[in-house]
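Structure first, then comments.
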Amino acid sequence: MIPVECYFVLSALLFFIGVYGFVTRRNLIAMLISVELVLNAVDINFAAINRLLYPNGNEGMFMTLFVIGVAAAESAVAIAIIINVYRQFKSDSVDAIQNMKR
Amino acid sequence: MEYSYSIFILLLPLFSFIILGLAGMKMSHKLAGYIGTCSLGIVTILSYLCAFQYFGADRVNDIYPTIVPYNFTWLPLGSLHFDLGILLDPISVVMLIVISTVSLMVHIYSFGYMHGEKGFQRYYAFLSLFTMSMLGLVLATNIFQMYMFWELVGVSSYLLIGFYYPLKPAIAASKKAFIVTRFADMFFLIGILMFGYFTHSFSFNFAGHGAEVIMGEGTTPFIMADYGRAITAGAMIIPTALTLMFIGGAGKSAMFPLHIWLPDAMEGPTPVSALIHAATMVVAGVFQIARMFPLWMAFAPHTLSIVVWVGVFTAFYAAAVACAQSDIKRVLAFSTISQIAFMMVALGVSMPGHEGLYDDHTQLGYMAGMFHLFTHAMFKACLFLGAGCIIHAVHSNEMALMGGLRKYMPVTHITFLISCLAIAGIPFFSGFSSKDEIITACFQYSPVVGWIMTGIAAMTAFYMFRLYYGIFWGTENKEALAHHTPHEAPLSMTIPLIVLCVITVGVGIYSTLGGFLGWEGSFGSFVSASGKDYIIHFDTQIALTSTVIAILSICLATYIYKGESQPIADRLYKTFPKLHRAAYKRFYQDEIWQYVTHRIIFRCVSTPIAWFDRHVVDGTFNFMAWGANEAGESIRPWQSGDVRQYAVWFLTGTVALTLILLCI
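Read top to bottom, the protein sequences are chains A and B.
With our numbering applied, the first sequence covers 1 to 102.
With our numbering applied, the second sequence covers 1 to 664.
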């Protein structure tokens, strides 16, 4: 049996890798992947804590599935936006769309 | 519902105002006039129908019941609520008749008088607006609705006085009228709010919970809890509130010293003066006191003496000024002020009898005031419309340019003479019965007031016949008549004169005979303070005295003013030049107001307040705006547009918050 701490360590690692990637990468696709990593870290936490605290319950699992569903929709929307950004600016770098604030 | 058509009395003029106001400029003059007049004609028919139905119905417990065909809550505010509705009781039904009759006559008359005038459609639109507001005022179910329509008539009066807006005096007069009446209305509003706060009701249904709260006679817990407040209200608040409301009424009804706007209001078209500034709007103050009469009787009978003395002084002052004016409309304006003061006095002298019951004395004053309102509206409208015909023919308001017009304008001459006889108080003309009742009521109140009012009635007869002889007799002004000979007015202008005259004579004959013989079914059967049938019975002694005095002063006026030249009048001017000048200048009332407002109020009060507003109040807000702007400018660079930078800040913030929460 794998001790529960391992799940938490894995989830924390995934989370910070995601955050690090989001902050350092300039490529929009890479940033999107980083966000997905953060979401996956949350999923692992949900599943592990559900098993740890309420072994007979399934709410955490359902929530995980729900997050996966939402993440799929979200990445579809995000990729659609990125494609449009690319068509508009001929670039997939986040710096290219900085002037959107004006 | 029985009186469901009464809503159209208000809606029809409103619709015609909206139609004429929005689309009037696209219409021909004739069409606009027909729309206004036809809607008013239907309103008049409905009003008469309403009156016949109301007074034809049976009395309940000897009084005509108060009927409320419509009433809905417009703004609920806790226990207080503002209602809108229609209330029919004897005085409002009588006012319906007065307003719709005079208004219809003025609508017809204006076809001739305003013919070809620029803004003809606008004129009819405003007339409709005025009629709607005035009808709403008299039909109001509560004092707040009355106040709303009260302001609306003020606005329509403002618009109509300033009808000839390219002319400077018209603009000045309209502003003056609006500001003076608004100033008085402020007191009215304070009175209403005090009244509403302490009685928990704005309703005119004084027998309802409102009055019970004040009297504390009921037994419900709510009333007992408010017992202390009720005692205060009965002793102090109601008289104060009523006095404040009277100040508002005094502004509208041109009582001294708030009368200054009415003579200037004559700058408006003459039919407007007849409708608004003689027959209907200016009697709103009288109507208001009549409306609140049960409260005056129950809580403030002695405060009514304020009304009496203000009325007596105004009547005297206005009559004195009217004797020296040379502009015919000004003479009529001051005579209106004087006659309204008569009505005020009549209401003021009705004191309750023993134990607050309504005895004959109470009945007499109230009935006489309302009766005079009715008769005065008819003959004064006739006088003003007649004056309009004369101005139409001579193209001037100045009496000096007139004289000898009786040959040229027979119809105007006869109707003017009949109305003059009515206002002078000659038997068999309507003014006699109503004025005689007022004087009788005054004698019952106090002989001093009685004699003063008799004297003022004599002055009335004198100045009215001075006016009459100045216009229709005396020398013709050859210079003024050289360009064109005056001619009788067209039919559309003479018919209203004849109709109003017929009413004056008909009512006069009926009420004079009825008064001497004690007939039932006279005016007192319809309108009286308690609502019970009151049979008018003249006091022969007083009737005889006032008739003799009226005839004497007419003879005096004839002696002085009828001849080709007027040696006595000229000698009087030379003997008392200062007095004549002061009376001509209206005893310098306008100058006094000018001094008080400009030199004292504007300089010592308004200027410092304006400085405070500009520098302190505006400064505070400008500082706040400047501060917000500066703060915004200083944090603007934080929004860089770099999404990763935001993420770092967000993460740092989250971590910091988490740490803080953990430490706590």
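Positions of the beta carbon are idealized from the N, C-alpha and C atoms, including for glycine.
Item                                                                                                                                                                                         : Value
Comparing the C-beta of residue 634(B) with each C-beta of chain A, is any distance below 9 Å?                                                                                               : no
Report yes if the C-beta distance between residue 433(B) and residue 287(B) is below 9 Å; otherwise report no.                                                                               : no
Taking Cβ positions only, does residue 140(A) come closer than 9 Å to chain B?                                                                                                               : Only positions 1 to 102 of chain A appear in the structure, and residue 140(A) is not among them; the question remains open.
Give a yes or no on whether 9 Å exceeds the smallest Cβ distance from residue 640(B) to chain A.                                                                                             : yes
Are the C-beta atoms of residue 77(A) and some chain B residue less than 9 Å apart?                                                                                                          : no
Please report the straight-line C-alpha distance between residue 85(B) and residue 5(B), rounded to a whole angstrom.                                                                        : 13 Å
Of the choices 557(B), 274(B), 476(B) and 137(B), whose alpha-carbon is the least far from that of residue 10(B)?                                                                            : 137(B)
Just the Cα atoms here: how many angstroms apart are residue 21(A) and residue 34(A)?                                                                                                        : 5 Å
Can you pull the chain A neighbours of residue 648(B), defined as C-beta to C-beta under 7 Å?                                                                                                : 23
Is it buried or exposed for residue 13(B), if we count other Cβ within 10 angstroms and need 16 for buried?                                                                                  : buried
Output the distance between the C-alpha atoms of residue 559(B) and residue 336(B), rounded to the nearest integer angstrom.                                                                 : 25 Å
Can you give me the C-alpha to C-alpha distance between residue 352(B) and residue 492(B), rounded to a whole angstrom?                                                                      : 47 Å
Please compile the residues from chain B whose C-beta is within a distance smaller than 8 Å of the C-beta of residue 42(A).                                                                  : Within chain B, no residue comes near residue 42(A); the closest Cβ sits about 14 Å away, beyond 8 Å.
So that I know if they touch, is there some Cβ in chain B lying closer than 9 Å to that of residue 92(A)?                                                                                    : no
The ligand COA and residue 62(A): does any heavy atom of the ligand fall closer than 8 Å to the residue's C-beta?                                                                            : Among the ligands in the structure shown, none appear at all, so the ligand COA cannot be discussed.
Might you give, ordered along the chain, the residues of its own chain that have their beta carbon closer than 6 Å to the beta carbon of residue 406(B), omitting 5 neighbours on each side? : 413 and 472
Are the C-beta of residue 182(B) and some C-beta of chain A separated by less than 9 Å?                                                                                                      : no
Buried or exposed, going by whether 16 or more other CB atoms sit within 10 Å of the CB of residue 73(B)?                                                                                    : exposed
In this structure, how does DSSP classify residue 70(B) when only helix, strand and coil are distinguished?                                                                                  : strand
Using the Cβ count rule (16 or more neighbours within 10 Å means buried), how would you classify residue 427(B)?                                                                             : buried
Report the residues of the region 55-77 of chain A with a CB closer than 9 Å to any CB of chain B, ordered along the chain.                                                                  : none
Roughly how many angstroms lie between the CA atoms of residue 340(B) and residue 373(B), to the nearest whole one?                                                                          : 8 Å
Helix, strand or coil for residue 673(B) per DSSP?                                                                                                                                           : In this structure chain B extends from 1 to 664, so residue 673(B) is not present and cannot be described.
Under 7 Å Cβ to Cβ from residue 101(B), same chain only, skipping five residues before and after it: list those, please.                                                                     : 44
Spatial neighbours of residue 75(A) within its chain, please: CB distance less than 7 Å, with the 5 preceding and 5 following residues excluded, ordered by chain position.                  : 32 and 36
What did DSSP end up calling residue 210(B) once you bin it into helix, strand or coil?                                                                                                      : Because residue 210(B) carries a pLDDT of 42, less than 50, the predicted location of this residue cannot be relied on, and no value is offered for it.
Beta-carbon separation of residue 112(B) and residue 395(B) under 9 Å?                                                                                                                       : no
Out of curiosity, what's the CA-to-CA distance linking residue 269(B) and residue 124(B)?                                                                                                    : 12 Å
Does DSSP put residue 80(B) in a helix, in a strand, or in coil?                                                                                                                             : strand
Which residue wins for smallest C-alpha separation from residue 502(B), given the options 411(B), 567(B) and 518(B)?                                                                         : 411(B)
Counting only C-beta atoms, is residue 651(B) closer than 9 Å to chain A at any point?                                                                                                       : yes
Over what stretch of residues does the alpha helix (DSSP H) that includes residue 61(B) continue unbroken?                                                                                   : Careful: residue 61(B) lies outside any alpha helix (DSSP H) and carries neither H nor E.
Whole angstroms are fine: how far does the CA of residue 346(B) sit from the CA of residue 450(B)?                                                                                           : 11 Å
Using DSSP with H/G/I as helix, E/B as strand and the rest coil, what is residue 92(B)?                                                                                                      : helix
Hey, residue 316(B) and residue 108(B) are a contact pair by Cβ (cut 8 Å); roughly how many whole angstroms apart?                                                                           : At roughly 36 Å, the Cβ-Cβ gap does not stay under 8 Å, so residue 316(B) and residue 108(B) are not in contact.
Pull up the distance between the alpha-carbon of residue 606(B) and that of residue 121(B), whole angstroms please.                                                                          : 40 Å
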